[in-house]
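Some notes on the structure that comes next.
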Amino acid sequence: MSNLSSDLVVRFENVGLRYGLGPEVLQDIYFELEAGSFHFLTGASGAGKSSLMKLMYMAMRPTRGLISLFGRDVAITSRKDLPNLRRRVGVVFQEYRLLDHLSTFDNVALPLRVADTREAEVRKHVEELLTWVGLENHMKAKPATLSGGQQQRVAIARAIIARPRLLLADEPTGNVDDRMAYRLMHLFEELNRLGTTVVIATHNQQLVERLAHPVLHLDEGHLQLPTKTRGIYQDNDGEDSRPAMPYDPDVLNYL
Ligand SMILES: Nc1ncnc2c1ncn2[C@@H]1O[C@H](COP(=O)(O)OP(=O)(O)OP(=O)(O)O)[C@@H](O)[C@H]1O
Ligand SMILES: [Mg+2]
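Each position in the sequence shown, counted from 1, maps to that position plus 281 in this note's numbering.
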């Protein structure tokens, strides 16, 4: 029965969402995400991916139904406790939402500084992660002077720097080339290996097919639950047979 609920990071039951007086853009949504799972979220433009993400990071409340995060019913969580819940969630917004007046370094440092991390640690971790995503020469740059793909990488670094328990990334590789897209996916997988539950919304069908993660699919506001997919990195025994990673796999172990 529900004695396993503490291992559920996200639980939606009969959830519906409408904006204002408009039609329901999400209907009868039921799913659960177990701690440590990794899912893709797919669906055509307008299918409701970002809306589902908004519910998961508590930017909106559902019009109907029940949402639990980390085993707690969001509807009865007090305003005082919401920031605590939110701090456990890292979000890569589809439109980045970087702070314009802060440098790349300071944008990424923000979650660590909020958590009162010592400045020497902040410097070490932020520099290491920014180097890893190829932005070592742009640490002092303001977002407005960066390309779309560079801003996207800053947003990713900021979302993962404090090692959230749940990472929600909305089209996080939409503006980078294929090589960088796979590099970023490896970063998400490494974070996941260290315990973070991950959901990646994407239009990139090639990524979805090549990486062996279950797919949540939205079709005009209806969610289809994962069918077990087999990626090219799984051999016949289901063992992970991918080649050694092209980077230091300990890159996230400092966190
Ligand atoms: N703020 C809003 N007010 C009114 N309707 C909205 C709002 N945001 C989204 N919608 C509607 O909700 C539906 C789902 O939008 P959503 O942004 O969740 O789709 P999506 O799957 O993320 O699309 P994309 O792939 O283009 O990012 C669409 O019909 C959209 O018009
Ligand atoms: Mg979207």
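Note that CB positions come from ideal geometry on N, CA and C, so glycine has one too.
Beyond the five residues adjoining it in sequence on each side, arginine 439 comes within less than 6 Å, by CB distance, of Asn388 and Val389 in the same chain, given in chain order.
Between ligand 2 and the CB of aspartate 451, the shortest heavy atom gap is smaller than 7 Å. Here alanine 443 is buried. Its C-beta has 16 or more other C-beta atoms within 10 Å. Glutamine 308 carries a strand assignment under DSSP once its states are collapsed to helix, strand and coil. Sorting Asn365, Phe321, Gln431 and Ser359 by C-alpha distance to the C-alpha of asparagine 456 places Gln431 at the top. Checking the 7 Å criterion, the Cβ of lysine 335 is out of range of every heavy atom belonging to ligand 2.
Between valine 306 and methionine 337, the gap from beta carbon to beta carbon reaches 8 Å or more.
As a beta-bridge residue in DSSP terms, alanine 482 pairs with Leu322 and Asp451.
In the structure shown, the three-state DSSP call for arginine 299 is strand. Note on the region 335 to 378: whole alpha helix (DSSP H) runs with a minimum of 4 residues are 363 to 368, in chain order. With the rule of 3 Cβ pairs closer than 8 Å, the region 476 to 483 counts as touching the region 446 to 453. Ligand 2 approaches glutamine 375 closely enough that one of its heavy atoms is under 7 Å from the residue's Cβ. Sequence-distant Cβ neighbours of lysine 421 in its own chain, meaning closer than 6 Å and more than five residues away, are Ser384. For the options Gly415, Thr344 and Asn295, the alpha carbon positioned closest to that of phenylalanine 312 is the one of Asn295. Comparing alpha carbon positions, the residue from Val370, Gly303, Asn365 and Asp362 closest to methionine 334 is Val370. Taking 7 Å as the cut-off, one finds no heavy atom of ligand 1 near enough to the beta carbon of glycine 297. Within the same chain, and ignoring the five residues on either side of leucine 427 in sequence, the residues whose Cβ sits closer than 8 Å to its Cβ are Thr385, His419 and Val435. Boundaries of the beta strand (DSSP E) around aspartate 500: 496 to 500. For alanine 325, the closest C-alpha among the options Arg399, Ile441 and His498 is that of His498. A distance below 8 Å separates the beta carbons of methionine 339 and leucine 363. Ligand 1 approaches histidine 484 closely enough that one of its heavy atoms is under 7 Å from the residue's Cβ. Judged by DSSP secondary structure, histidine 467 falls within the alpha helix (DSSP H) whose first and last residues are 459 to 474. Checking the 7 Å criterion, the Cβ of glycine 329 is within range of a heavy atom belonging to ligand 1.
In the DSSP assignment, histidine 503 falls within the unbroken beta strand (DSSP E) covering 503 to 505.
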